[in-house]
Amino acid sequence: MLRLVVRRLLQLIPTLFGLTVLLFIWIHRLPGGPAWALLGERGNEAARRQIEEQLGLNEPLLVQYGRWLRRLLELDLGNSVKTGQPVWDEFTLRFPATFELGVTALLFAVIIGIPLGYFAARRRGSWLDVTAVSGSLLGICVPVFFLAMILRSIFAVNLGWLPSGGRLTTGIDATDVTGFAVLDGVLTGEFDASWDAIQHLILPGLALASIPLAVVVRITRASVLEVLSEDYVRTAESKGLRKSVVRGRHVLRNALLPVVTTVGLLTGSLLSGAVLTESAFSFGGIGSFIRQAISDRDYPVLMGFILFIALLYMLINLVVDLTYGLIDPRVRVN
Amino acid sequence: MPLLSVDELKVTFQGQGRRASTAVSGVSFDVDEGQVVGLVGESGCGKSVTSLALMGLLPKKGVRVEGRADYRGTDLLSLRPSAMRDLRGTQLAMIFQDPLSSLNPVVPIGVQVTEILSRHRGMRGQAARTEAAALLERVGIPDPTRRLKEYPHQLSGGMRQRALIAMAVACAPRMLIADEPTTALDVTIQAQILELLKELVDQEGTALLMITHDLGVVAGLCDDVNVLYAGKVVESADRRNLFAEPAHPYAHGLLNSIPRLDAPRGQPLNPVRGSINDQIAWADGCAFAPRCDHYTLECLNGTPELGPLAGTEAPAGHHVRCVNPVRERLETVTLADVGAGDSPTEPVTQKEETSE
Amino acid sequence: MSTKTDKIDRLAALTAQRETTTGGSLWVEAFRRLRSSKMALIGVAIMALFVVIALIGPWIAPHNPTSQLWRDEVFTNRGEFVGPRGENWLGLDHLGRDQLSRMLVGARQTLMVGVISTVLGFVVGALIGGVSGAALAFGGRAGQRLDTVLMRFIDMMLAMPSLLLAVSIAAVMGQSLTTVMIAVGVVQVPIFARLLRGSMLSQANADYVLAARALGVRRRRVVMGHVLPNSLGPVIVQSTLALATAIIEAAALSYLGLGNPDAAQPEWGVMLAQAERFFDEAPFMAICPALGIIITALGFTLLGESMREALDPKLRS
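Protein chains in written order, with full-length UniProt numbering: chain A, 1 to 334; chain B, 1 to 356; chain C, 1 to 317.
(1) Which stretch, first to last residue, makes up the beta strand (DSSP E) that contains K232/B?
(2) Looking at chain E, which residues of the stretch 112–123 of chain B have a Cβ within less than 7 Å of any of its Cβ atoms?
(3) Can you give the beta carbon distance from T209/C to E249/C, rounded, assuming they're within the 8 Å contact cut?
(4) By DSSP, does D98/C sit in helix, in strand, or in coil?
(5) Hey, does I154/C have any beta-carbon neighbour from chain A nearer than 7 Å?
(6) Using a Cβ-Cβ cut-off of less than 7 Å, list which residues of the stretch 266–277 of chain C approach chain A; keep chain order.
(7) Do you know offhand how far F96/B's Cα is from E305/C's?
(8) Which complete beta strand (DSSP E) runs does the stretch 29–63 of chain B hold, if anything under 3 residues is left out?
(9) Give the secondary structure of S101/B by DSSP, where H, G and I count as helix, E and B as strand, and everything else as coil.
(10) How close, in whole Å, do the beta carbons of A193/C and S132/C come, if the pair is a contact with beta carbons under 8 Å?
(11) Give the interface partners of A297/C over in chain A, defined as CB-CB distance under 7 Å, in chain order.
(12) Write down the C-beta distance between G268/A and F91/A rounded to the nearest angstrom, noting that I regard them as a contact closer than 8 Å.
(13) Would you say the stretch 228–242 of chain A touches the stretch 85–99 of chain B, given that touching needs at least three Cβ pairs under 8 Å?
(14) Leaving out five residues on either side along the sequence, give the residues of the same chain with a beta carbon under 7 Å from the beta carbon of S162/C.
(15) Can you confirm whether I191/C, when its beta carbon is compared against all beta carbons of chain A, has any partner nearer than 7 Å?
(16) Between the Cα of D186/B and the Cα atoms of Q161/B, M210/B, E245/B, M175/B, which residue gives the shortest distance?
(17) Going along the stretch 305–326 of chain A in order, which residues come within less than 7 Å of chain C, judged by CB to CB distance?
(18) So, with DSSP's three-state summary, where would you put T130/B?
(19) Rounded to the nearest angstrom, what separates F288/B and Q279/B at their Cα positions?
(20) Cα separation between I172/A and A181/A?
(21) Starting from V11/B, trace the beta strand (DSSP E) both ways and give me its first and last residue.
(22) For S164/A, collect the residues of the same chain with a Cβ closer than 7 Å to its Cβ; drop the 5 residues on either side in sequence, then sort them by chain order.
(23) With three or more C-beta pairs closer than 8 Å as the rule, is the stretch 169–176 of chain B touching the stretch 187–207 of chain B?
(24) Under 7 Å between beta-carbons, which chain A residues line up against D280/C? List them in chain order, please.
(25) Tell me the rounded alpha-carbon separation between Q112/B and M167/B.
(26) What are the partner residues of A69/B, as DSSP defines its beta bridges?
(27) V27/B and V272/B - do their beta-carbons sit closer together than 7 Å?
(28) Since P14/A meets chain C, which of its residues come closer than 7 Å, beta carbon to beta carbon?
(29) Distance cutoff 7 Å, beta carbons only. Does M55/B sit that close to anything in chain A?
(30) Residues in the same chain with beta-carbon distance under 8 Å from T178/A, minus the five sequence neighbours each way, listed in chain order, please.
(31) Could you give the first and the last residue of the continuous beta strand (DSSP E) run that contains T178/C?
(32) What distance in whole Å lies between the Cβ atoms of P34/A and Y57/A, which are believed to be in contact at a cut-off of 8 Å?
(33) 7 Å is my cut-off, CB to CB: does W26/A come that close to chain C?
(34) So which residues of chain C does G166/A contact, with C-beta pairs closer than 7 Å?
(35) Which word fits A48/C, buried or exposed, when buried means at least 16 other C-beta atoms lie within 10 angstroms of its C-beta?
(36) For the beta strand (DSSP E) containing D179/B, list its first residue and its last residue.
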């Protein structure tokens with residue numbers, strides 16, 4: 001098992017390496033070259049020369065690349081043009097918020113999506129099935145940021161049921177321990193703060209969940225339909241097993257295998273979605289930070305984010321693959 | 001009184017917006033306690049559908065099941081689903097064709113055996129595991145305790161089928177239905193599995209309904225045989241009578257099609273002409289007529305009746321559904337020829353165009 | 001009439017009655033199923049409507065979409081907007097332009113972005129996936145290596161969130177409509193590549209391919225004549241679905257301020273992005289382009305989904 005993990009981790013290296021090469025080329029292809037990218041709008045000719053001197057941008061590209069790579073390994077992603085702070089610090093500061101939001105969205109997708117897909121398949125052709133299928137088709141077609149606008153307008157602005165933005169109500173007494181607002185409340189016993197944080201998560205979480213939810217519903221439905229027609233389900237029925245055993249052990253257990261893989265692949269779209277949803281709810285995570293960086297053309301931040309996301313995406317999918325090996329005995333042997 | 005008495009079983013599939021198609025159109029036969037009854041026919045003749053209907057395993061939507069199937073005085077076909085669920089596994093058990101796809105790939109063999117013990121015999125934990133190991137041992141799986149922890153893909157084809165048989169006999173059912181249990185297996189394994197089935201039914205006095213297209217299996221195992229064609233029984237007889245004097249042209253053709261080792265080289269094979277697609281509706285006449293060498297206009301006067309074979313020396317219990325049955329003893333075919341007990345042979349059915 | 005011919009005729013007549021429709025080729029059968037699918041019909045209808053509007057929109061638009069004809073009736077700072085009314089069926093936008101005209105004219109750009117980017121993604125993706133699949137299946141050792149390299153590249157693209165990929169491209173190429181098309185197209189590349197490769201691999205292992213190779217058919221012929229044509233089904237379906245994604249992605253890019261820099265030219269994504277600021281006071285401004293995008297995307301999705309179902313041999317009865 002350990003050897004497998006190490007081998008899979010080593011396999012990530014070429015991909016990441018290739019990515020750094022691409023990013024390096026990208027930075028050098030930017031209009032005005034890397035110096036302008038690092039300086040942003042403040043740049044003038046003198047500052048440019050200074051920074052080129054400072055970073056050795058006049059040296060051979062290979063030397064530059066080597067130096068840049070070494071800095072990356074030390075988690076030095078450079079400084080944000082806008083805030084002047086190290087990019088890595090900016091990320092770690094905002095990561096908990098995005099993480100909470102992403103987990104909320106995934107929970108919505110899984111908790112609603114799996115039962116919905118399952119029952120849609122069981123009652124194929126019923127109104128439930130038709131609703132689930134057309135709902136999931138619609139879910140894919142609604143732009144995430146438009147959904148965010150609608151949800152915010154209906155439930156926050158007009159009905160006032162939920163907060164319209166932010167992570168916590170201003171003025172609430174919350175102690176910051178880990179940066180994870182919900183967890184902090186629980187740790188410090190300030191449960192009202194946790195509850196407040198949860199309320200702030202619901203609307204952006206729902207908006208962000210729309211695509212994952214649609215995907216989970218469809219995959220679950222298709223998978224359950226396939227499993228229901230499998231011979232082993234008939235065998236289980238022929239043994240006179242209780243319905244709950246047939247459905248749990250024989251149908252769901254098999255049907256959920258593809259769903260697990262899909263959830264892993266969804267992390268990429270979740271992070272893209274976060275860029276769109278967070279700003280609609282002024283939710284202070286990485287997403288809104290990136291949106292700001294996009295309009296500021298803050299290249300160090302964007303580059304760092306691409307690396308950060310790629311690494312995260314690959315790690316999550318690695319974990320998913322390994323988990324898959326645990327739950328599917330056929331894969332385990334190989 | 002027979003253990004199971006099937007009377008005019010009829011199964012119709014009706015998809016949404018599609019034409020209804022009849023898979024089984026009036027099948028009747030009896031199975032006595034401890035008897036082995038064969039249901040023989042080529043693929044598409046309705047034999048598998050019959051077995052699924054008896055077990056209550058056909059989907060509820062889009063399928064209509066008519067007729068009666070009396071099992072110890074209760075009609076299986078009109079039983080509530082929950083009552084049927086109680087009967088399955090305890091009274092009636094089934095063995096399927098493809099042992100790999102019939103086992104759950106992600107659940108250990110052990111759990112798949114113990115789950116039936118805990119459901120019907122209330123056994124839990126270690127007791128269930130010990131019993132499961134004993135069952136695996138009984139069906140000839142070596143090192144059963146280790147096998148319990150293994151998954152289906154780790155077993156060989158024959159072992160998988162043995163495991164499925166262990167599950168089927170776990171609660172000592174009175175009646176076993178085997179749907180082509182050897183088709184997906186290697187020839188050498190086929191004989192072993194048949195041997196095992198024979199042994200189990202002999203020891204326990206279990207009745208066995210054997211569904212097969214393999215005349216070798218029939219010859220080696222069955223007491224009574226029912227030949228199915230296009231969803232109807234066309235001939236039913238004692239094994240010996242059927243092999244000696246097949247009266248329905250279809251049954252006759254099947255037996256005649258078996259190649260013989262002692263035939264002179266170059267002698268052509270005698271396949272049954274055409275395929276099951278060349279048929280007419282039973283309501284119009286005999287469904288086999290388009291493929292029949294003995295066909296006359298009489299054959300098209302509605303459905304022929306299943307009646308006792310006429311003639312002075314005709315044995316009792318030999319029924320045939322044909323207006324001009326073949327009255328010719330098949331001297332050439334003996335039980336040994338069709339490989340009673342050992343390597344089974346498939347009847348040769350060829351497409352019309354290739355048989356010229 | 002002799003008894004013999006009578007015998008044969010009657011049998012033939014009865015047999016003919018039983019004749020069942022045992023479909024034609026995969027594609028013929030799929031088309032037959034498609035025609036009877038309500039989903040597909042709705043999809044085609046929406047698609048046709050959209051294409052017609054995109055083609056003739058500029059001629060049927062009641063007003064000039066770029067001139068601020070009613071500038072003096074809209075005051076964004078005071079929250080005064082003009083909703084749907086007799087003269088302007090869909091109301092005015094924040095600069096006093098006719099929304100209906102902007103929608104009608106904007107359809108063309110939206111369609112263009114969708115089609116061009118999908119074609120781009122399809123061509124590049126199918127090229128990479130096709131080479132990769134053919135190399136792995138028939139190229140021996142060297143082919144295996146080529147496949148590994150190409151797939152690592154595709155993995156890399158998949159690991160990048162699509163929006164960021166688009167942002168990076170926009171950063172190098174500058175902000176323009178072409179950038180949007182390339183960015184959205186590039187995002188589709190890995191999807192097409194993986195799909196075609198997977199589809200080809202499963203075909204390459206099919207018995208008929210083994211048979212063709214055993215008969216000594218040259219590898220090139222096997223790939224071009226058998227494997228590729230039979231693998232294209234899922235890729236073609238995907239391109240219909242990709243059109244929907246492309247339209248939505250393009251809208252997201254506009255929302256992030258990376259869309260067509262010429263904001264006076266109407267485009268649904270840009271219209272929706274501009275309407276966000278005024279959503280609480282004038283929701284109709286956002287709802288019109290949003291509905292346009294949703295319905296169009298839904299049309300393509302419905303068609304793609306029903307095509308996928310029609311082509312799926314497992315679902316055929």
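Glycine is no exception: its CB is placed at the ideal position from the N, C-alpha and C atoms. None of the values given here were measured: they were computed from a predicted structure.
Taking the structure as given:
(1) Here residue 232/B refers to the residue found at position 232 when the second sequence is read from its first residue. Residues 232–238.
(2) The structure shown contains no chain E; its protein chains are A, B and C.
(3) Here the question's residue 209/C lines up with position 209 in the third sequence. Here the question's residue 249/C lines up with position 249 in the third sequence. Contrary to the premise, residue 209/C reads as Val rather than Thr in this sequence. In fact, because the Cβ distance is near 36 Å, the residues do not count as touching under 8 Å.
(4) In the third sequence, residue 98/C corresponds to position 98, counting from 1. Strand at D98/C.
(5) Numbered from its first residue, the third sequence carries residue 154/C at position 154. Chain A, which has no Cβ nearer than 7 Å to the Cβ of I154/C, makes this no.
(6) L272, E276
(7) As a position in the second sequence, residue 96/B is number 96, starting the count at 1. As a position in the third sequence, residue 305/C is number 305, starting the count at 1. Computed Cα separation, rounded: 35 Å.
(8) 36–40
(9) Working through the second sequence from its first residue, we reach residue 101/B at position 101. It is coil, neither helix nor strand.
(10) Here residue 193/C corresponds to residue number 193 of the third sequence, with the count starting at 1. Here residue 132/C corresponds to residue number 132 of the third sequence, with the count starting at 1. About 7 Å; that satisfies the 8 Å criterion.
(11) For the purposes of this step, residue 297/C is taken as the residue at position 297 of the third sequence. Within chain A, the residues near A297/C are C141.
(12) Taking the first sequence and counting its residues from 1, one reaches residue 268/A at position 268. Taking the first sequence and counting its residues from 1, one reaches residue 91/A at position 91. Not confirmed; about 17 Å, so no contact.
(13) yes
(14) Taking the third sequence and counting its residues from 1, the one referred to as residue 162/C is at position 162. Same-chain partners within the cutoff: V187, E249.
(15) For this step, residue 191/C is matched to residue 191 along the third sequence. Chain A, which has no Cβ nearer than 7 Å to the Cβ of I191/C, makes this no.
(16) Within the second sequence, numbered from 1, the residue matching residue 186/B stands at position 186. The shortest C-alpha separation from D186/B is found at Q161/B.
(17) F305, I306, I309, A310, Y313, M314
(18) To locate residue 130/B, count along the second sequence from 1; it is residue 130. T130/B falls in the helix class under three-state DSSP.
(19) Locating residue 288/B in the second sequence gives position 288, where the first residue counts as 1. Locating residue 279/B in the second sequence gives position 279, where the first residue counts as 1. Each residue's Cα considered, the two are about 6 Å apart.
(20) On the first sequence, position 172 is the one that residue 172/A refers to. On the first sequence, position 181 is the one that residue 181/A refers to. Each residue's Cα considered, the two are about 12 Å apart.
(21) Counting from 1 along the second sequence, the entry for residue 11/B is found at position 11. 4–13 is the span of the beta strand (DSSP E), which, as asked, contains V11/B.
(22) Here the question's residue 164/A lines up with position 164 in the first sequence. Excluding residues within five positions, the ones whose Cβ falls inside 7 Å are R152, A156, V157.
(23) yes
(24) The count along the third sequence starts at 1 and reaches residue 280/C at position 280. The contacting residues are S153, V157.
(25) Sequence index remark: in the second sequence, residue 112/B carries index 112 (1-based). Sequence index remark: in the second sequence, residue 167/B carries index 167 (1-based). Those two C-alpha atoms are separated by around 8 Å.
(26) Start at 1 with the first residue of the second sequence, and residue 69/B comes out as number 69. For A69/B, which the question treats as bridged, DSSP gives the partners V6/B.
(27) The residue given as residue 272/B occupies position 272 in the second sequence. The residue given as residue 27/B occupies position 27 in the second sequence. Taking 7 Å as the Cβ cut-off, V272/B and V27/B do not qualify as a contacting pair.
(28) In the first sequence, the residue the question calls residue 14/A occupies position 14. Here the neighbours are R152.
(29) Position 55 of the second sequence, counted from the start, is the residue given in the question as residue 55/B. It does; some Cβ of chain A falls within 7 Å.
(30) Here residue 178/A corresponds to residue number 178 of the first sequence, with the count starting at 1. Contacts found: P96, D184, L187.
(31) Counting from one through the third sequence, the residue named residue 178/C turns up at place 178. That residue, T178/C, is in no beta strand (DSSP E); its alpha helix (DSSP H) goes 177–204.
(32) The residue you call residue 57/A lines up with position 57 of the first sequence. The residue you call residue 34/A lines up with position 34 of the first sequence. Here the sequence assigns Leu to residue 57/A, which means Tyr is not the residue at that position. L57/A to P34/A, Cβ: 6 Å. Contact.
(33) Looking up residue 26/A in the first sequence gives position 26. Closer than 7 Å to some Cβ of chain C, the Cβ of W26/A qualifies, so yes.
(34) Residue numbering aside, residue 166/A sits at position 166 when the first sequence is read from its first letter. None at all; the shortest Cβ gap to chain C is about 17 Å.
(35) Here residue 48/C corresponds to residue number 48 of the third sequence, with the count starting at 1. Exposed, because fewer than 16 other Cβ atoms sit within 10 Å of the Cβ of A48/C.
(36) In the second sequence, the residue the question calls residue 179/B occupies position 179. Start and end: 175–179.
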